[in-house]
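A short write-up of the structure that comes next.
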Amino acid sequence: MKAEIGVIGLGVMGKSLSRNLARNGFNIAIYNRHVDGIEENVARNCQRDYAELENAQPFDDLKDFVQSMSSPRKIILMVNAGPAVDAVLNDLGNLLESGDVIIDGGNSHFEDTNRRIDSMKIKGLDFIGSGISGGEEGALKGPSIMPSGEKEAYSKVKKYLESISAKDADGNPCCTYIGSNGSGHFVKMIHNGIEYADMQLLAECYSILKGQNLSNDEIADVFESWCSDLGSYLLGITVDILREKEGDEYVLDQILDKAGNKGTGSWATIAIANSGEPATMIPAALFARYLSFFKELRESAAKAFSTQHNTNEIEIRQVKEAYQFSRIVNHHQGFSIIKQVSNQNDWNINLSEIARIWTAGCIIKSDFMKELVHYLKANDSILLNDSLNQTIRKTHSSIQSLITACIKNEIHIPCFFAALDFFHGIKTFNSSANLIQAQRDYFGAHTYQRRDDPTGKAHHTEWTNI
Ligand code: 6PG
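For the sequence shown, the numbering used here assigns the number 2 to the initial residue and increments by one for each residue that follows.
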């Protein structure tokens, strides 16, 4: 019996996704390359190890794998983003037939996806770029899925992706067609950016509370108490992490303070800069990770410049409210960049629908995301939502006080800073950008628009050089 869908790449995510497909009753083929002494019999071993893969057809020969599937073939690629995807596509291109569909489920760059859609099309193949979020557990039990490409191509694979995806509170799949080209991978990249900023905010809360001499368990208690009204996956796992022990020692205390990354935060930062959207928190979170990597310099600088502690007690309520405030700004910025780039590319992305597929299965799922589904139906800018507006007003003084205390205590809080400063910038009726325009016109005759000329015409002044 021919397989109806196949998975290439049986790493952590590919294996879990294959099991998910099998659990949903699909007849699948699984393939992993053979590398002497390194990757041998991976597909066969995978099938042997998991009961639900009993009927899956395992391969380490790509041609046999392709021939095991019924037409049009549907293949999910779960290989590392970058050259590995192109290498597999190159091999597949010679084996597949017109009308077959390839879905790239890795964290590929959206511009690579644009290029691959075009190059596969020349061969008569359909290519879907799909963001998949949820880590190992999500891939196994139901991830959030963000597919894009040609809509007709999507219709051939919709049933599979929807079946394996997480379900929202109403039982609808957390999988939706995002738009044309690489829009799915773009949206996933911004998902990761929001993830970076939320993780960094929680890390900043942790460092502030640690500075108040709370133990890891006490910090976990604080975070746990926030879960009733600020509940989220990331907050929940942070509680677990803070409590985890090896013998008498906290595991967290043994982890070296150098934060890694796999690139999506840096791509998001570049995309933000290219788009003209002032989404300041994602870059702040990315650069915080980069800064953490300078461990030796940090240690030397810590010795060279002694730290001034000027502790006026920081209230836990202020930390919570600062987090609440900043989380709103983070989501505002994340959805705004999606809107901006969607407009620039005619992707027509429905922001409320994006929030909906992020309510379950993904890393940034939260109770707040469920609220955003409704708010984004009414307005693309969540800052202007009445209810969030009230929360912002209520929490504004807390983040101001918190930041002041952090400055006095020399606590590094780049994401809190970015959130508050963005807020102050975005609510400045008359900004100082008139001076920037004058300076540009002075040294470069770059011209400026005038307040008293609504036509928007370019004006220039012959500035007096005193
Ligand atoms: C997800 C995650 C995942 C991401 C990792 C690692 O949605 O499941 O976003 O796709 O790759 O979290 O990202 P970094 O290594 O860059 O932190």
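We put the CB at the ideal spot given by N, CA and C, even for glycine. Keep in mind it's a predicted model, so treat the numbers as computed, not measured.
For P284, the enclosing alpha helix (DSSP H) covers residues 282 to 293. Non-local beta-carbon contacts of F423 in its own chain, meaning distances under 8 angstroms to residues more than five positions away in sequence, involve P279, T281, M282, V330, Q334 in chain order. Taking the C-beta atoms as reference points, S166 is found nearer than 8 angstroms to P144. When only Cα atoms are considered, A272 and P84 end up about 21 angstroms apart. Residue environment analysis places N275 among the exposed positions, since fewer than 16 neighbouring C-beta atoms fall within 10 angstroms of its C-beta. In terms of side-chain proximity, the C-beta atom of N173 is found no nearer than 7 angstroms to any non-hydrogen atom of the ligand 6PG. If you draw a straight line from the Cα of S99 to the Cα of S149, it comes to about 19 angstroms. The closest heavy atom of the ligand 6PG lies 7 angstroms or more from the beta carbon of N81. Distance from the CA atom of Y443 to the CA atom of T405, rounded to whole angstroms, is 37 angstroms.
Ranked by Cα distance from D113, the first of G185, I179, S156 is G185. Three or more beta-carbon pairs separated by less than 8 angstroms link the segment 308 to 319 to the segment 406 to 422, which places the two stretches in contact. In this structure, L403 keeps its C-beta atom at 8 angstroms or more from the C-beta atom of I317. Within its own chain, the residues whose Cβ lies closer than 7 angstroms to the Cβ of A260, once the five positions on either side in sequence are excluded, are R290, S293, listed in chain order.
Distances from the CB of E196 to the heavy atoms of the ligand 6PG include at least one below 7 angstroms. Under DSSP, I129 forms a beta bridge with I104. Within the DSSP bridge table, the entry for M147 names G132 as partners.
Counting C-beta pairs closer than 8 angstroms gives three or more between the segment 189 to 202 and the segment 358 to 374, which meets the contact rule.
Distances between the C-beta of K263 and the heavy atoms of the ligand 6PG include at least one below 7 angstroms. Counting along the chain, P59 sits inside the beta strand (DSSP E) bounded by residues 58 to 60. Closer than 7 angstroms to some heavy atom of the ligand 6PG: that describes the Cβ of S134. A distance of 8 angstroms or more separates the beta carbons of V158 and I133. Of the other Cβ atoms in all chains shown, 16 or more fall within 10 Å of the Cβ of W227; this residue is therefore buried.
One alpha carbon belongs to D453, the other to L385, and they sit about 28 angstroms apart. Rounded to the nearest whole angstrom, the CA to CA distance from I427 to R328 is 16 angstroms.
Minimum Cα-Cα distance from Q345 among the listed residues F326, N182, R441, A154 corresponds to N182. Listed as beta-bridge partners of S233 by DSSP are S367. Residue environment analysis places W464 among the exposed positions, since fewer than 16 neighbouring C-beta atoms fall within 10 angstroms of its C-beta. Remark: the C-beta of H110 is outside contact range of the ligand 6PG, defined as less than 7 angstroms to any heavy atom. Inter-residue distance for D381 and M200 is about 24 angstroms (C-alpha atoms, whole angstroms).
From the listed residues E151, S216, V8, the smallest Cα separation to N28 is found for V8. Residues of the same chain with a CB within less than 6 angstroms of the CB of E196, apart from the 5 flanking positions on each side, are I364, I365 in chain order. With contacts defined as CB atoms closer than 8 angstroms, E40 and R34 qualify as a contacting pair. With a contact defined as Cβ atoms closer than 8 angstroms, I383 and H332 qualify at about 6 angstroms.
R24 and Y51 have their C-alpha atoms roughly 11 angstroms apart. Exclusion of the five residues before and after H375 leaves no residue of its chain whose Cβ lies closer than 6 angstroms to its Cβ. Bounds of the beta strand (DSSP E) holding I29 are 29 to 32.
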